[in-house]
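Novice: Before we start, here is the structure in question, set down as structure tokens.
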Amino acid sequence: MPLTVASNSGAPSPSYGGDRTPHGAVVCVLRPEEPADSQGINVETTQEYEVVIVGAGPAGMCAAMYAGRSMLRTVVIERGASGGELLNTELIEDYPGFESIEGWDLAQRFEAHARKFGAEFVQGTVASVRKLDDGSFETLTDDGTRYLSPAVIVTAGGTPVKLNVPGEAEYAGKGVSYCGICDGAFFRNHTIAVIGGGDAATEEADFLTRYADKVYLIHRRDQFRASKLLQKRAFENPKIEVVWNKVVERISGDENGLVNRISLLDTVTSEQSELDVTGVFVFIGFRPNTGVIADHVEHDEMGYIVTDTSMQTSIPGLFAAGDLRAQLVRQVTTAVGDATTAAMAAEKYLTALRDGEAVVIEGHGGYTV
Ligand SMILES: Cc1cc2nc3c(=O)[nH]c(=O)nc-3n(C[C@H](O)[C@H](O)[C@H](O)COP(=O)(O)OP(=O)(O)OC[C@H]3O[C@@H](n4cnc5c(N)ncnc54)[C@H](O)[C@@H]3O)c2cc1C
Numbered sequence: 000m001p002l003t004v005a006s007n008s009g010a011p012s013p014s015y016g017g018d019r020t021p022h023g024a025v026v027c028v029l030r031p032e033e034p035a036d037s038q039g040i041n042v043e044t045t046q047e048y049e050v051v052i053v054g055a056g057p058a059g060m061c062a063a064m065y066a067g068r069s070m071l072r073t074v075v076i077e078r079g080a081s082g083g084e085l086l087n088t089e090l091i092e093d094y095p096g097f098e099s100i101e102g103w104d105l106a107q108r109f110e111a112h113a114r115k116f117g118a119e120f121v122q123g124t125v126a127s128v129r130k131l132d133d134g135s136f137e138t139l140t141d142d143g144t145r146y147l148s149p150a151v152i153v154t155a156g157g158t159p160v161k162l163n164v165p166g167e168a169e170y171a172g173k174g175v176s177y178c179g180i181c182d183g184a185f186f187r188n189h190t191i192a193v194i195g196g197g198d199a200a201t202e203e204a205d206f207l208t209r210y211a212d213k214v215y216l217i218h219r220r221d222q223f224r225a226s227k228l229l230q231k232r233a234f235e236n237p238k239i240e241v242v243w244n245k246v247v248e249r250i251s252g253d254e255n256g257l258v259n260r261i262s263l264l265d266t267v268t269s270e271q272s273e274l275d276v277t278g279v280f281v282f283i284g285f286r287p288n289t290g291v292i293a294d295h296v297e298h299d300e301m302g303y304i305v306t307d308t309s310m311q312t313s314i315p316g317l318f319a320a321g322d323l324r325a326q327l328v329r330q331v332t333t334a335v336g337d338a339t340t341a342a343m344a345a346e347k348y349l350t351a352l353r354d355g356e357a358v359v360i361e362g363h364g365g366y367t368v
């Protein structure tokens, strides 16, 4: 189905008219222009803002701080507690200015800072974001609140895919990790396991040998999906031992509550075995939380949202920042960097709309308001 979005001038723009954009990314419209009530949600109230932000992780709260500071009437809609993945992170040791800070503490500081500049926070799960014919956006929460705004910044993050085995949740942050850059330094001179067979697993295994003495790279098949170059690096690294045809059945710990062993099952012979490791890094996938907008914006094959350098998506006025955006690195610093740009670009976009001026923001070939 072709993608056609009403531009602010009323003319259809941009229209990629097919399944592939000029960038080769996938575009689809699964949920065409539907009124809210036909999505099965009864609209109870309607509220108007200048900027609506979806998600209160680092990106959402930073965007809220900048939007609030620009005197824009801003609301952040969050389905849980403010903080996003910061709430799953015990210690942050790589956020400039804080040599070591607990994740929840940094989250609270982010929220307080955004509130100081007037941003509002509400609880709700965003069910959809869509552009209306008049160029404004309708953001709908599943409790029936409808938010209307000329600009939306989506910062809904993503979720690492879990092994779903006993011990994984219990030892999360106590040896189980989903982020090599974040937690690698805690495993200096340790023996650890990396689980997975794609690019992320092979690359992170190689990276983690900077710290660990030995890395078992455990994969459920007898060959990797990773690119040949990354495979070569892993095979040539003397600190990496590849363990084929094994899945993790259980993660166990010691009397201090820290990981000390994993139990494995051979996928060919059904034999069981164990490995003594103090860290388990799981890289079996990461799902961007793009459900609310993926239906109608340009995204890559993995579902990450493609933006231009101003963080604008393929739909004018709809910005994306943080972990759900297609990019090389996903960290707190990159999330807030994206968010800073997105909030400033949204402010410029609104100013141009208000003044009826023509602006061209770089990327997607530029567009004119
Ligand atoms: C275990 C772990 C440890 C990490 N450690 C570090 C570290 O030490 N240093 C570092 O820099 N980075 C670390 N990271 C990465 C860092 O946490 C992320 O890069 C960062 O949190 C991304 O911020 P974000 O705002 O884009 O997304 P998130 O933090 O994922 O926040 C997204 C928010 O959106 C909300 N949301 C999603 N969908 C909806 C919806 N439909 N409606 C309403 N709300 C919604 C979510 O509830 C969430 O609060 C770690 C990540 C993990 C998983």
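Per numbering that gives the first Met the number 0, the very first residue in the sequence shown carries number 0; after that it's consecutive. Every residue, glycine too, gets a C-beta built ideally from N, C-alpha and C.
Using DSSP with H/G/I as helix, E/B as strand and the rest coil, what is L207?
Specialist: For the purposes of this step, residue 207 is taken as the residue at position 208 of the sequence shown. In the structure shown, L207 sits in a helix (DSSP, three-state: H, G or I).
Novice: Is S99 close to ligand 1? I mean its beta-carbon at under 7 Å from any heavy atom of the ligand.
Specialist: Taking the first residue of the sequence shown as 1, we reach residue 99 at position 100. For ligand 1, not one heavy atom lies less than 7 Å from the Cβ of S99.
Novice: Could you compute how far the alpha carbon of T277 sits from the alpha carbon of N41?
Specialist: Taking the sequence shown and counting its residues from 1, one reaches residue 277 at position 278. Taking the sequence shown and counting its residues from 1, one reaches residue 41 at position 42. T277 and N41: Cα-Cα distance of roughly 50 Å.
Novice: Got a sec? Which residues, its chain only, sit under 6 Å from D141 by beta carbon, not counting five neighbours each side?
Specialist: Counting from 1 along the sequence shown, the entry for residue 141 is found at position 142. Within the same chain, D141 has close Cβ partners T124, A126.
Novice: Return the bridge partner residues of G379 from the DSSP annotation.
Specialist: Here the chain has residues from 0 to 368 only, and residue 379 is not among them.
Novice: May I ask you to list the residues that DSSP assigns as paired with P159?
Specialist: Counted from its first residue, the sequence shown places residue 159 at position 160. DSSP, once it has assigned bridges, lists F285 as partnering P159.
Novice: Distance, Cα to Cα, L2 vs H295?
Specialist: For the purposes of this step, residue 2 is taken as the residue at position 3 of the sequence shown. For the purposes of this step, residue 295 is taken as the residue at position 296 of the sequence shown. Confidence at L2 is low in this model, with a pLDDT of 25, below 50, so the placement of that residue should be treated as unreliable; the coordinate-derived value is given next. For L2 and H295, the distance between alpha carbons rounds to 7 Å.
Novice: Please indicate yes or no: does the CB of Y146 lie closer than 7 Å to some heavy atom of ligand 1?
Specialist: Reading the sequence shown from its first residue, position 147 is the one you call residue 146. For ligand 1, not one heavy atom lies less than 7 Å from the Cβ of Y146.
Novice: Quick check: does the Cβ of L85 come within less than 7 Å of any heavy atom belonging to ligand 1?
Specialist: Taking the first residue of the sequence shown as position 1, residue 85 is located at position 86. L85 Cβ: within cutoff of ligand 1.
Novice: Which runs of the beta strand (DSSP E) fall wholly inside the stretch 195-256 and span at least 3 residues, in chain order?
Specialist: The stretch 195-256 contains these whole beta strand (DSSP E) runs: 213-217, 239-242, 245-252.
Novice: Please tell me whether, using a cut-off of 7 Å, the distance from the CB of L263 to the nearest non-hydrogen atom of ligand 1 is below it.
Specialist: As a position in the sequence shown, residue 263 is number 264, starting the count at 1. Outside the cutoff, so no.
Novice: Kindly indicate the opening and closing residues of the beta strand (DSSP E) around E119.
Specialist: Walking along the sequence shown from the start, residue 119 turns up at place 120. Looking at the DSSP string, the run of the beta strand (DSSP E) that includes E119 is 119-122.
Novice: Classify D354 as buried or exposed, calling it buried when 16 or more other Cβ atoms lie within 10 Å of its own Cβ.
Specialist: Residue mapping note: residue 354 aligns to position 355 of the sequence shown, counting from 1. Label assigned to D354: exposed.
Novice: Does the separation of the CB atoms of A233 and T190 fall below 8 Å?
Specialist: Position 234 of the sequence shown, counted from the start, is the residue given in the question as residue 233. Position 191 of the sequence shown, counted from the start, is the residue given in the question as residue 190. No, the Cβ-Cβ distance between A233 and T190 is not below 8 Å.
Novice: Taking 8 Å as the cut-off, does the stretch 174-185 touch the stretch 303-315 (at least 3 CB pairs, one atom from each stretch)?
Specialist: Taking 8 Å as the limit for Cβ pairs, the verdict is that the stretch 174-185 does not touch the stretch 303-315.
Novice: Nearest-angstrom Cα distance between G156 and N255?
Specialist: Counting from one through the sequence shown, the residue named residue 156 turns up at place 157. Counting from one through the sequence shown, the residue named residue 255 turns up at place 256. Roughly 32 Å between the two C-alpha positions.
Novice: Taking its Cβ as the centre, do 16 or more other Cβ atoms sit within 10 Å of G172, making it buried, or is it exposed?
Specialist: Working through the sequence shown from its first residue, we reach residue 172 at position 173. By the neighbour-count rule (16 or more Cβ atoms within 10 Å), G172 is not buried but exposed.
Novice: With the cut-off set at 8 Å, would you say E49 and R78 are in Cβ contact?
Specialist: Position 50 of the sequence shown, counting from 1, holds the residue named residue 49. Position 79 of the sequence shown, counting from 1, holds the residue named residue 78. No.
Novice: If you pair each beta-carbon of the stretch 130-140 with each one of the stretch 199-217, do three or more pairs fall below 8 Å?
Specialist: Flag = no, the stretch 130-140 and the stretch 199-217 do not touch.
Novice: Would you say the beta carbon of E77 is closer than 7 Å to some non-hydrogen atom of ligand 1?
Specialist: For the purposes of this step, residue 77 is taken as residue 78 along the sequence shown, with counting starting at 1. E77: yes, Cβ under 7 Å from ligand 1.
Novice: If you follow the beta strand (DSSP E) that E47 is part of, which residue opens it and which one closes it?
Specialist: If you number the sequence shown from 1, residue 47 lands on position 48. 44-47 is the extent of the beta strand (DSSP E) around E47.
Novice: Ligand 1 heavy atoms versus the CB of A113: any closer than 7 Å?
Specialist: Taking the sequence shown and counting its residues from 1, one reaches residue 113 at position 114. No, ligand 1 has no heavy atom inside 7 Å of this Cβ.
Novice: Considering only heavy atoms of ligand 1, does any lie closer than 7 Å to the CB of R329?
Specialist: As a first step, residue 329 must be located in the sequence shown, where it is residue number 330. Yes, the beta carbon of R329 sits closer than 7 Å to at least one heavy atom of ligand 1.
Novice: Excluding the 5 residues preceding and the 5 following R329 in the sequence, name in chain order all residues of the same chain whose CB lies nearer than 6 Å to its CB.
Specialist: Locating residue 329 in the sequence shown gives position 330, where the first residue counts as 1. Within the same chain, R329 has close Cβ partners D322.
Novice: Any heavy atom of ligand 1 inside 7 Å of the beta-carbon of T308?
Specialist: Sequence index remark: in the sequence shown, residue 308 carries index 309 (1-based). Incorrect: T308 has no Cβ contact closer than 7 Å to ligand 1.
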